[in-house]
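Asks:
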Amino acid sequence: MYCPYCNENLLSSSSEKLSNREVEVFECKRCNKKSYIVKLKAYEENPIGYTLASGLFIGSFYVSFPLNIMMLIVAIIIAIYLMMNKDTIVYKPQKELYDEEENSSSSIFFVLIFIAVVVFIFNNGSEDKPIGKKVVFKSTKDMDIRLKGYREAVEWYKESSVFSESAFNLGNFYINKYKDYIKAIKYYKEAYKIDSLEKAAFKIALAYEDLENYEEAIEWYFKLMKSDGLIRSDALMNIALLYKSKLKDYTNAIKYYEIAIKEYIYGARRGIAWLYHENLKDDIKASAYMINRLTITKDKEKDKEELNDLINFFKNRWNISDETIKKGYELQLTMPGLPRRYKGGI
């Protein structure tokens with residue numbers, strides 16, 4: 003050790019307690035001046051490391067498997083590293099003791115870091131569990147005995163009031179394993195209640211279809227009408243199909259098929275064409291929608307083949323005349339609600 007005043011190496015040392023801190027006091031034999039080294043506690047030597055390890059350890063209790071195990075392993079590795087490297091830092095004697103106010107500010111700074119780490123873990127490690135929300139896992143006391151032989155199902159049951167995916171998985175389990183639609187609907191509804199899980203609403207609608215409760219199925223499909231993408235398209239087509247095939251409400255079936263057609267949803271024109279042919283016996287409109295499905299490409303031979311296949315379908319399957327087919331072609335050229343027109347002729 004060197005004296006910070008005269009750079010002399012001839013120092014005598016003693017331990018004292020100054021300002022409530024353990025201090026190593028050095029006295030220079032040359033200039034007779036005193037210098038100090040504050041004995042730091044373990045967490046003071048490497049505050050960032052200990053803050054990170056503590057944050058990971060505490061945060062591991064608030065996330066699910068396997069993330070919690072990974073966090074614990076990282077926390078243990080950091081702790082072992084800090085223990086192995088303890089006291090390897092060589093501190094130089096200071097002319098004065100650390101300022102208490104500076105120490106206080108430093109402590110507050112690292113407390114804030116610790117809080118930030120925990121908040122980050124809550125936000126990113128457990129997306130289904132909002133910060134500040136009391137988390138209560140279900141007791142297995144009242145659990146369905148059928149679940150007890152399946153470890154994953156037991157875990158889903160305990161977490162089903164907190165995590166939407168756990169409740170959703172439990173719903174799938176009841177349908178796939180036992181065809182128990184009532185129980186499945188119960189847990190799908192829990193999943194939907196937690197964070198409006200769209201796929202849970204879709205599964206509820208499908209389950210009600212299997213139970214032949216078509217009005218309730220439609221109500222759940224309606225909840226998906228504000229969604230985007232494939233799940234909305236499927237819900238819209240299923241609404242139209244239920245009105246057509248199960249409820250025989252052709253007015254509403256046409257309404258939702260027409261919405262689907264405007265949104266370019268695959269199968270909508272074919273669906274409404276069959277409705278007009280089978281249910282309303284209007285083959286002009288039926289053929290109009292089927293003809294409108296034809297496309298014009300650069301491959302004229304292929305286009306001609308597709309047209310001939312459709313005409314043969316009209317004559318052999320639907321038993322409609324050439325005159326009706328021609329009227330259908332002309333109708334689709336002017337009929338409102340179609341996204342495009344087929345102008346390749348008949």
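Every number in the numbering used here is 2 more than the matching position in the sequence shown, counting from 1. Even glycine gets a Cβ: it sits at the ideal position worked out from N, Cα and C.
Can you tell me whether Met86 is buried or exposed? The criterion is at least 16 other CB atoms within 10 Å of its CB, across all chains shown.
Replies: The residue you call residue 86 lines up with position 84 of the sequence shown. Classification for Met86: exposed.
Asks: Given this structure, state the Cα-to-Cα distance separating Glu192 from Tyr210, to the nearest angstrom.
Replies: Along the sequence shown, read from residue 1 onward, the residue named residue 192 stands at position 190. Along the sequence shown, read from residue 1 onward, the residue named residue 210 stands at position 208. Distance between the alpha carbons of Glu192 and Tyr210 is about 16 Å.
Asks: So, are the CB atoms of Ile233 and Glu265 less than 8 Å apart?
Replies: Taking the sequence shown and counting its residues from 1, one reaches residue 233 at position 231. Taking the sequence shown and counting its residues from 1, one reaches residue 265 at position 263. No, the Cβ-Cβ distance between Ile233 and Glu265 is not below 8 Å.
Asks: When DSSP labels each residue in this structure, what does Asp230 get in the three-state scheme?
Replies: In the sequence shown, residue 230 corresponds to position 228, counting from 1. Looking at Asp230 - three-state DSSP - the assignment turns out to be coil, as it is neither helix nor strand.
Asks: Under the three-state reduction of DSSP, which class applies to Arg343: helix, strand or coil?
Replies: The sequence position of residue 343 within the sequence shown is 341, counting from 1. Correct three-state label for Arg343: coil.
Asks: Would you mind reading off the limits of the alpha helix (DSSP H) that contains Asp197?
Replies: Here residue 197 is taken as the residue at index 195 of the sequence shown, counted from 1. Its alpha helix (DSSP H) spans residues Tyr183 to Asp197.
Asks: Find the nearest neighbour of Thr297 within the set Gly346, Lys317, Tyr194 and Tyr259, judged by alpha-carbon distance.
Replies: Within the sequence shown, residue 297 is the residue found at index 295, counting from 1. It is Gly346.
Asks: Based on Cα-Cα distance, which residue from Asn215, Ala202 and Tyr278 lies nearest to Tyr189?
Replies: Taking the first residue of the sequence shown as 1, we reach residue 189 at position 187. Answer by Cα proximity: Ala202.
Asks: In terms of residues, what are the limits of the alpha helix (DSSP H) holding Thr297?
Replies: Taking the sequence shown and counting its residues from 1, one reaches residue 297 at position 295. Taken as a continuous stretch (DSSP letters only), Thr297 belongs to no alpha helix (DSSP H), as it is neither H nor E.
Asks: Does DSSP put Lys250 in a helix, in a strand, or in coil?
Replies: The count along the sequence shown starts at 1 and reaches residue 250 at position 248. The answer is coil: DSSP assigns Lys250 none of H, G, I, E or B.
Asks: Report the residue from Phe224, Ala290, Ile75 and Ala275 whose alpha carbon sits nearest the alpha carbon of Lys246.
Replies: As a position in the sequence shown, residue 246 is number 244, starting the count at 1. Comparing Cα positions, the closest option is Ala275.
Asks: Nearest to Tyr176 by CA position, among Phe165, Ile196, Lys195 and Ile206, is which residue?
Replies: On the sequence shown, position 174 is the one that residue 176 refers to. Out of Phe165, Ile196, Lys195 and Ile206, Ile206 has the C-alpha closest to the C-alpha of Tyr176.
Asks: Measure from the C-beta of Lys304 to each C-beta in chain C and report whether the shortest distance is under 8 Å.
Replies: Among the chains of the structure shown, chain C does not appear; only one protein chain is present.
Asks: Can you tell me whether DSSP reads Leu282 as helix, strand or coil?
Replies: Here residue 282 refers to the residue found at position 280 of the sequence shown. Three-state result, Leu282: coil.
Asks: Three or more C-beta pairs closer than 8 Å, one from the segment 277–297 and one from the segment 242–258: is that the case here?
Replies: Yes, the segment 277–297 is in contact with the segment 242–258.
Asks: So, with DSSP's three-state summary, where would you put Phe352?
Replies: Nothing can be reported for residue 352, as the shown portion of the chain is limited to 3 through 348.
Asks: Please check the pair Ile1 and Gln334, which I expect to be a contact at CB under 8 Å, by giving their CB distance rounded to whole angstroms.
Replies: Lying outside 3 to 348, the shown extent of the chain, residue 1 is not represented and no answer is given.
Asks: Provide the residue span of the alpha helix (DSSP H) that contains Asn318, from first to last.
Replies: In the sequence shown, the residue the question calls residue 318 occupies position 316. Lys302 to Asn318 is the extent of the alpha helix (DSSP H) around Asn318.
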